[in-house]
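Protein chains in written order, with the working numbering: chain A, 22 to 157; chain B, 2 to 121. Think of the CB as a built atom: it goes at the ideal place given N, C-alpha and C, for glycine as much as any other residue.
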Amino acid sequence: MSEKKHPTSPHLQIYRWNLSSLTSILHRATGALLYVSIVAIVWYIVYYTYQINIAESVEDCDCPLRAILDNLFSLAAIGVTFSLYYHFCNGIRHLFWDIGKGFDVKIAKRNGYLVLLCALLLTIATVGTVIYLKLF
Amino acid sequence: MSKIKIAPSTKTGAHHWLMQRISAIGMIPLILWLVLSFIKIAEDPQGYLPVFFAYPLNAVMGILLIIASMYHGSLGMRVIIEDYISNKTKMHFYIMLVHFISITTAVAGVVAIVRLHLIG
Numbered sequence: 022m023s024e025k026k027h028p029t030s031p032h033l034q035i036y037r038w039n040l041s042s043l044t045s046i047l048h049r050a051t052g053a054l055l056y057v058s059i060v061a062i063v064w065y066i067v068y069y070t071y072q073i074n075i076a077e078s079v080e081d082c083d084c085p086l087r088a089i090l091d092n093l094f095s096l097a098a099i100g101v102t103f104s105l106y107y108h109f110c111n112g113i114r115h116l117f118w119d120i121g122k123g124f125d126v127k128i129a130k131r132n133g134y135l136v137l138l139c140a141l142l143l144t145i146a147t148v149g150t151v152i153y154l155k156l157f
Numbered sequence: 002m003s004k005i006k007i008a009p010s011t012k013t014g015a016h017h018w019l020m021q022r023i024s025a026i027g028m029i030p031l032i033l034w035l036v037l038s039f040i041k042i043a044e045d046p047q048g049y050l051p052v053f054f055a056y057p058l059n060a061v062m063g064i065l066l067i068i069a070s071m072y073h074g075s076l077g078m079r080v081i082i083e084d085y086i087s088n089k090t091k092m093h094f095y096i097m098l099v100h101f102i103s104i105t106t107a108v109a110g111v112v113a114i115v116r117l118h119l120i121g
């Protein structure tokens with residue numbers, strides 16, 4: 022071992038899957054995904070701002086590639102939406118742990134399921150709202 | 002396995018930990034604003050999006066959200082990098098890279114929102 026080595030965390034394959042490891046790993050994964058997507062969204066806002074003519078720049082074409090890209094984009098948007106809600110809900114769970122509440126195994130387990138359920142329901146509600154508003 | 006070396010404390014972890022929590026608490030109202038605005042935008046994207054940041058509240062909340070999320074994201078990505086990259090030179094390089102990306106993105110985003118606010 023050279024002096025330059027910094028100790029690393031045990032890698033993910035080493036854990037036996039259960040609810041607490043799932044919620045913890047998902048918190049990190051969604052956090053990293055959100056970081057990357059927020060950077061992309063902000064640069065999109067910058068691009069949008071400096072377009073020469075905002076009104077004329079919305080291109081419409083019927084090419085199949087465009088449709089596939091749009092569908093992929095919608096899927097990605099649903100993933101980012103879920104990540105945001107999950108990280109938000111589980112972040113609040115973490116803040117409660119920080120003030121010393123919810124450490125009891127049963128309560129921690131129940132709150133873990135609650136966080137997953139809330140994130141799923143909020144995602145479904147958001148996607149539902151968007152579909153409803155676009156169709157009607 | 003005769004001796005186990007324990008790395009000395011760098012005395013900076015607690016500050017990092019605290020800042021992560023403070024930025025998290027600060028982002029709770031900002032995320033609620035984001036979700037509510039998103040639903041408003043979805044109702045009429047063509048009409049509402051170009052003038053969205055003309056409203057002072059939206060401009061202020063948008064700028065705060067960009068700064069807070071880039072800050073919170075830098076702290077979080079730093080922890081992930083520290084946990085999984087063992088080579089110290091690479092580790093510091095990636096941490097610097099994340100800081101560079103975060104600061105550049107935040108500044109560019111704020112400039113764009115100020116412009117949208119003024120022309121909107």
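Residue i to residue j, Cα distance in whole Å?
i	j	result
Trp-38 of chain A	Ser-45 of chain A	11 Å
Phe-53 of chain B	Asn-111 of chain A	30 Å
Pro-31 of chain A	Gln-47 of chain B	48 Å
His-100 of chain B	Tyr-72 of chain B	9 Å
Arg-87 of chain A	Leu-93 of chain A	10 Å
Ala-129 of chain A	Ile-82 of chain B	27 Å
Ser-42 of chain A	Ala-98 of chain A	25 Å
Ile-29 of chain B	Phe-109 of chain A	8 Å
Are the C-beta of residue i and some C-beta of chain A separated by less than 7 Å?
i	result
Arg-116 of chain B	yes
Lys-89 of chain B	yes
Tyr-72 of chain B	no
To the nearest whole angstrom, what separates the beta carbons of residue i and residue j, a pair I think is in contact under 8 Å?
i	j	result
Ser-95 of chain A	Leu-54 of chain A	Not a contact, Cβ separation roughly 16 Å.
Ala-25 of chain B	Leu-116 of chain A	7 Å
Thr-29 of chain A	Ser-87 of chain B	5 Å
Gly-77 of chain B	Gly-52 of chain A	5 Å
Ile-62 of chain A	Ala-113 of chain B	About 11 Å; that fails the 8 Å criterion.
Against chain B, does residue i count as a neighbour if the rule is that its beta carbon must be under 7 Å from one of theirs?
i	result
Phe-103 of chain A	no
Gly-112 of chain A	yes
Thr-150 of chain A	yes
His-48 of chain A	no
Give every residue of the same chain whose Cβ lies closer than 6 Å to the Cβ of residue i, excluding the five residues on either side of it in the sequence, and list them in chain order.
i	result
Arg-114 of chain A	Asn-132 and Val-136
For residue i, is the classification buried or exposed, using 16 other Cβ atoms within 10 angstroms of its Cβ as the cut-off for buried?
i	result
Thr-144 of chain A	buried
Val-57 of chain A	exposed
Tyr-134 of chain A	exposed
Which same chain residues, not among the five before or five after residue i, have their C-beta less than 8 Å away from its C-beta?
i	result
Val-60 of chain A	none
Ile-104 of chain B	Met-71
Tell me which residues share the same chain as residue i and place their Cβ nearer than 7 Å to its Cβ, disregarding the 5 neighbours each side in the sequence.
i	result
Val-126 of chain A	none
Asn-59 of chain B	Ser-38 and Phe-53
Should residue i be counted as a contact of the ligand COA given a C-beta to heavy atom distance under 6 Å?
i	result
Ile-152 of chain A	No copy of the ligand COA appears in this structure; indeed no ligand is present at all.
Quick check on residue i - is its C-beta less than 7 Å from some C-beta in chain E?
i	result
Thr-105 of chain B	Included in the structure are the protein chains A and B, with no chain E among them.
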